[in-house]
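Asker:
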Amino acid sequence: MKVDVVIGLQWGDEGKGKIVDVLTPKYSVVARFQGGPNAGHTMEFDGKKFVLHTIPSGIFRDGTTNLIGNGVVVDPAILMGEVEKLNAAGVPTKGRILLSKKAHLILPTHRMLDAAQEAAKGGAKIGSTLKGIGPAYTDKIGRAGLRVGDVLHPDFEKKYDALKQKHLALLKQLSYPLNVEEEEQEEKKWKQSIDRLRAEFTIVDSEYEVNSLLKKGNILAEGAQGSMLDVDFGSYPFVTSSNTVCAGACTGLGVAPCKIGEVIGIFKAYCTRVGSGPFPTELHDEVGEEMRRQGCEFGSTTGRPRRCGWLDLVALKYSIMVSGATQLFMMKADVMDGFDSIKVAVGYKINGAATDRYPYEVDMPVEPIYREFKGWKQPISGSRTEKDLPQELMNYVKFIEEQTGVPVKFISVGPDREETVSR
Ligand code: GDP
Ligand code: IMO
Ligand code: MG
Numbered sequence: 023m024k025v026d027v028v029i030g031l032q033w034g035d036e037g038k039g040k041i042v043d044v045l046t047p048k049y050s051v052v053a054r055f056q057g058g059p060n061a062g063h064t065m066e067f068d069g070k071k072f073v074l075h076t077i078p079s080g081i082f083r084d085g086t087t088n089l090i091g092n093g094v095v096v097d098p099a100i101l102m103g104e105v106e107k108l109n110a111a112g113v114p115t116k117g118r119i120l121l122s123k124k125a126h127l128i129l130p131t132h133r134m135l136d137a138a139q140e141a142a143k144g145g146a147k148i149g150s151t152l153k154g155i156g157p158a159y160t161d162k163i164g165r166a167g168l169r170v171g172d173v174l175h176p177d178f179e180k181k182y183d184a185l186k187q188k189h190l191a192l193l194k195q196l197s198y199p200l201n202v203e204e205e206e207q208e209e210k211k212w213k214q215s216i217d218r219l220r221a222e223f224t225i226v227d228s229e230y231e232v233n234s235l236l237k238k239g240n241i242l243a244e245g246a247q248g249s250m251l252d253v254d255f256g257s258y259p260f261v262t263s264s265n266t267v268c269a270g271a272c273t274g275l276g277v278a279p280c281k282i283g284e285v286i287g288i289f290k291a292y293c294t295r296v297g298s299g300p301f302p303t304e305l306h307d308e309v310g311e312e313m314r315r316q317g318c319e320f321g322s323t324t325g326r327p328r329r330c331g332w333l334d335l336v337a338l339k340y341s342i343m344v345s346g347a348t349q350l351f352m353m354k355a356d357v358m359d360g361f362d363s364i365k366v367a368v369g370y371k372i373n374g375a376a377t378d379r380y381p382y383e384v385d386m387p388v389e390p391i392y393r394e395f396k397g398w399k400q401p402i403s404g405s406r407t408e409k410d411l412p413q414e415l416m417n418y419v420k421f422i423e424e425q426t427g428v429p430v431k432f433i434s435v436g437p438d439r440e441e442t443v444s445r
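Letter by letter, the sequence shown follows residues 23 to 445 in my numbering.
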């Protein structure tokens, strides 16, 4: 049996949540392997909409085990908030979510450190979601972090206090305006959530669990963020703090590379980015505004407007190369329904020289070289098979396949679970 991996190939928010929900019936287990509550994964079905941050997107399908892997950073307060929302909507969670002992905990002071460190960066800020992701992974790599498994040990409070004191000293150095009353409130809620974590979750040695589940059925690994936000391969330092590429599934779950099956790369028919950092094909004009309007491009986690621009094949090919995507899923094609023409970047001009490589330097002025396609100028949300789709759209899809060498197996034509065309 294999682990198939869903990853974002752009700067996040490609529509991974929808795809994981659509694919879940084919799998017995859905597992998150990296990131944390910086993620916002949206699912729509039966006129309802849900956004998940930590819980895997397989939770809406009966009979699926959902696992939060060791590579994830978990904020117990946010996790419990998700549980409450799901339960209120009639979606059971008890006994359906396995949580890795080796996943790291996000403390309330990690969130404060995130805010303090961003503020200290001034104009060079990353545009973090401020969920404490960077500081939590810093403690993990610095071998100072608290892990989920620690909550089961009698010295947990002592360990928590020691780490909190270290954070408070750092916050003082950064002149963080600590509000003691607020801090106490946050801590109280966090500790209550830790108690619920012990009582309501199945805390497991997830690498053993994953490998034993893998003997019985295929697993779907759900990535968060996107390849261009990867801490090694993204537009550093404007990235997140985890490996968002396919390799992250191996280290974030404890599965061997030879166990990886399909690598499903998700991309939008255009591009978006939320937060700072280079975005070569970004549009600052009415066309970009129209993409934001039609695509409802506002962050699922923070509500921030997303920056919008044309599809960037230089970045897409780079992401495909690093993760070895075996199939592509194109999302939000319907957002382009009203466009007269559609552009796609096939190369960059840097200092007057053409290149098809994504540059190392993030502050380099990059001029995209575009290829233009005729728009289809008709609504496609009702399409369910390839023959329902306009020729102009298929020309665009075929060009992407030619350029990347990877088949586009799936075209999404709306946010709902049903609004899909499988090829
Ligand atoms: P994720 O983080 O990759 O799961 O993506 P998000 O949930 O942050 O953002 C994707 C947004 O696009 C959500 O609001 C989805 O409901 C929506 N969406 C997904 N697929 C489609 C599609 O094909 N068409 C349209 N119009 N919206 C889509
Ligand atoms: P999903 O899983 C889009 C971006 C932030 C910021 C940078 C670092 O929904 O696709 P962090 O909070 O990790 O310190 O932020 O990464 N970012 C995302 N952008 N989608 C996400 O997740 C993101 N998670 C983080 O905006 O630029
Ligand atoms: Mg998202």
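Using N, Cα and C, we set each Cβ at its ideal position, and we do this for glycine too.
To the nearest angstrom, how far is it from the Cα of L31 to the Cα of A291?
Answerer: The residue you call residue 31 lines up with position 9 of the sequence shown. The residue you call residue 291 lines up with position 269 of the sequence shown. Distance between the alpha carbons of L31 and A291 is about 12 Å.
Asker: Just to confirm, is the Cβ distance from F395 to S363 under 8 Å?
Answerer: One-based indexing of the sequence shown puts residue 395 at position 373. One-based indexing of the sequence shown puts residue 363 at position 341. Yes; because the gap between Cβ atoms is below 8 Å, this pair is in contact.
Asker: Can you pull every residue whose C-beta falls closer than 5 Å to some heavy atom of the ligand MG, listed in chain order?
Answerer: Matched residues: D35, G62, S322.
Asker: Can you grab the Cα-Cα spacing for the pair T442 / E66, in whole Å?
Answerer: Taking the first residue of the sequence shown as 1, we reach residue 442 at position 420. Taking the first residue of the sequence shown as 1, we reach residue 66 at position 44. Going from the Cα of T442 to the Cα of E66 covers about 12 Å.
Asker: Any chance the CB of F55 is under 7 Å from a heavy atom of the ligand IMO?
Answerer: Position 33 of the sequence shown, counted from the start, is the residue given in the question as residue 55. Not so, every heavy atom of the ligand IMO lies at least 7 Å from the Cβ.
Asker: Return the residue from the list P199, K186, F361 that minimises the CA-CA distance to K213.
Answerer: The residue given as residue 213 occupies position 191 in the sequence shown. For K213, the nearest C-alpha among the options comes from K186.
Asker: Can you tell me which of P59, D68, R315, L196 puts its alpha carbon nearest to the alpha carbon of D438?
Answerer: Here residue 438 refers to the residue found at position 416 when the sequence shown is read from its first residue. It is D68.
Asker: Where DSSP assigns a beta bridge to V95, which residues make up the other side?
Answerer: The residue labelled residue 95 in the question sits at position 73 within the sequence shown. BP columns for V95 point to H126.
Asker: Out of G404, V357, T348, point me to the one whose CA is closest to K431's CA.
Answerer: Here residue 431 refers to the residue found at position 409 when the sequence shown is read from its first residue. Of G404, V357, T348, the residue nearest in Cα terms is T348.
Asker: Could you check what DSSP says for M23 in three-state terms: helix, strand or coil?
Answerer: Walking along the sequence shown from the start, residue 23 turns up at place 1. Coil at M23, not helix or strand.
Asker: Roughly how far, in whole angstroms, is the beta-carbon of D359 from the beta-carbon of Q400, given that I think they are within contact range, below 8 Å?
Answerer: Translated into the one-based positions of the sequence shown, residue 359 becomes position 337. Translated into the one-based positions of the sequence shown, residue 400 becomes position 378. With a Cβ gap of about 7 Å, D359 and Q400 count as contacting.
Asker: Suppose the cutoff is 6 Å on Cβ atoms and the five residues either side in sequence are ignored; what does the same chain contact list for A271 look like?
Answerer: The residue you call residue 271 lines up with position 249 of the sequence shown. Around A271: V27, F55, A243.
Asker: Out of curiosity, what's the CA-to-CA distance linking K40 and I225?
Answerer: Working through the sequence shown from its first residue, we reach residue 40 at position 18. Working through the sequence shown from its first residue, we reach residue 225 at position 203. Rounded to the nearest angstrom, the two C-alpha atoms are 27 Å apart.
Asker: Verify the contact flag: E441, CB atom, against every heavy atom of the ligand GDP, threshold strictly below 7 Å.
Answerer: Indexing the sequence shown from 1 puts residue 441 at position 419. It does: the Cβ of E441 is within 7 Å (strictly closer) of some heavy atom of the ligand GDP.
Asker: Please confirm whether D97 and G154 have their CB atoms less than 8 Å apart.
Answerer: Along the sequence shown, one-based indexing puts residue 97 at 75. Along the sequence shown, one-based indexing puts residue 154 at 132. Yes. Within cutoff.
Asker: Assign P429 to one of three DSSP states: helix, strand, or coil.
Answerer: In the sequence shown, the residue the question calls residue 429 occupies position 407. Looking at P429 - three-state DSSP - the assignment turns out to be coil, as it is neither helix nor strand.
Asker: Within the continuous alpha helix (DSSP H) that includes Q400, where are the two ends?
Answerer: Here residue 400 corresponds to residue number 378 of the sequence shown, with the count starting at 1. Taken as a continuous stretch (DSSP letters only), Q400 belongs to no alpha helix (DSSP H), as it is neither H nor E.
Asker: When you measure from the CB of I155 to every non-hydrogen atom of the ligand IMO, does any distance come out below 7 Å?
Answerer: Counting from 1 along the sequence shown, the entry for residue 155 is found at position 133. Flag set: Cβ of I155 near the ligand IMO.
Asker: On a CA-only basis, which of D385, S264, Q207 is nearest Q247? Give me that one, please.
Answerer: Sequence index remark: in the sequence shown, residue 247 carries index 225 (1-based). That would be S264, whose Cα lies nearest to the Cα of Q247.
Asker: Which word fits M386, buried or exposed, when buried means at least 16 other C-beta atoms lie within 10 angstroms of its C-beta?
Answerer: Here residue 386 refers to the residue found at position 364 when the sequence shown is read from its first residue. So M386 ends up on the exposed side.
Asker: Assuming K281 contacts V25 (C-beta within less than 8 Å), just tell me the rounded distance between them.
Answerer: Here residue 281 corresponds to residue number 259 of the sequence shown, with the count starting at 1. Here residue 25 corresponds to residue number 3 of the sequence shown, with the count starting at 1. With 8 Å as the limit, K281 and V25 qualify as a contact, their Cβ atoms being about 5 Å apart.
Asker: Examine the Cβ distances between the region 136-143 and the region 100-118 and report whether three or more of them are shorter than 8 Å.
Answerer: Contact between the region 136-143 and the region 100-118 is absent, because fewer than three Cβ pairs lie under 8 Å.
Asker: Using a Cβ-Cβ distance cut-off of 8 Å, determine whether L411 contacts chain B.
Answerer: In the structure shown, chain B does not exist; there is a single protein chain.
Asker: Between T131 and R83, is the Cβ-Cβ spacing less than 8 Å?
Answerer: Indexing the sequence shown from 1 puts residue 131 at position 109. Indexing the sequence shown from 1 puts residue 83 at position 61. Against a cut-off of 8 Å, the Cβ pair of R83 and T131 comes out as no contact.
Asker: If we call anything under 8 Å between Cβ atoms a contact, is F289 one with M250?
Answerer: Translated into the one-based positions of the sequence shown, residue 289 becomes position 267. Translated into the one-based positions of the sequence shown, residue 250 becomes position 228. No, these two residues do not count as a Cβ contact at 8 Å.
Asker: Between L129 and H75, is the Cβ-Cβ spacing less than 8 Å?
Answerer: Reading the sequence shown from its first residue, position 107 is the one you call residue 129. Reading the sequence shown from its first residue, position 53 is the one you call residue 75. Taking 8 Å as the Cβ cut-off, L129 and H75 do not qualify as a contacting pair.
Asker: Considering only C-alpha positions, which residue in the set A355, K354, I402, C293 is nearest to R328?
Answerer: In the sequence shown, residue 328 corresponds to position 306, counting from 1. Nearest C-alpha to R328: C293.
Asker: Whose C-alpha, out of K107, V94, E414, is nearest the C-alpha of T266?
Answerer: On the sequence shown, position 244 is the one that residue 266 refers to. When only C-alpha atoms are compared, the closest one is V94.
Asker: Regarding G457 and the ligand IMO, is the C-beta to nearest heavy atom distance less than 7 Å?
Answerer: Outside the shown range of the chain, which is 23 to 445, sits residue 457, and nothing can be said about it.
Asker: In this structure, does DSSP put M313 in helix, strand or coil?
Answerer: Residue mapping note: residue 313 aligns to position 291 of the sequence shown, counting from 1. Correct three-state label for M313: helix.
Asker: Where do the ends of the beta strand (DSSP E) carrying Q349 lie?
Answerer: Numbered from 1 along the sequence shown, position 327 holds the residue referred to as residue 349. 349-353 is the extent of the beta strand (DSSP E) around Q349.
Asker: Does the Cβ of I163 have 16 or more other Cβ atoms within 10 Å, making it buried, or fewer, making it exposed?
Answerer: Here the question's residue 163 lines up with position 141 in the sequence shown. It is exposed - the Cβ of I163 has fewer than 16 other Cβ atoms within 10 Å.
Asker: Excluding sequence positions up to five away, which residues of its chain have a Cβ less than 7 Å from the Cβ of D172?
Answerer: Numbered from 1 along the sequence shown, position 150 holds the residue referred to as residue 172. These residues qualify, in order along the chain: F178, K181.
Asker: Okay, do the region 402-414 and the region 306-326 touch, 3+ Cβ pairs below 8 Å being the bar?
Answerer: Judged by Cβ distances under 8 Å, the region 402-414 makes no contact with the region 306-326, as fewer than three pairs qualify.
Asker: Taking 7 Å as the cut-off, is the C-beta of V357 nearer than that to any heavy atom in the ligand GDP?
Answerer: Within the sequence shown, the letter at position 335 stands for residue 357. For the ligand GDP, at least one heavy atom lies less than 7 Å from the Cβ of V357.
Asker: At which residue ranges does the region 201-280 contain complete alpha helix (DSSP H) runs of 4 or more residues, listed in the order of the chain?
Answerer: For the region 201-280, whole alpha helix (DSSP H) runs of length 4 or above, ordered along the chain, are 202-222, 228-236, 269-275.
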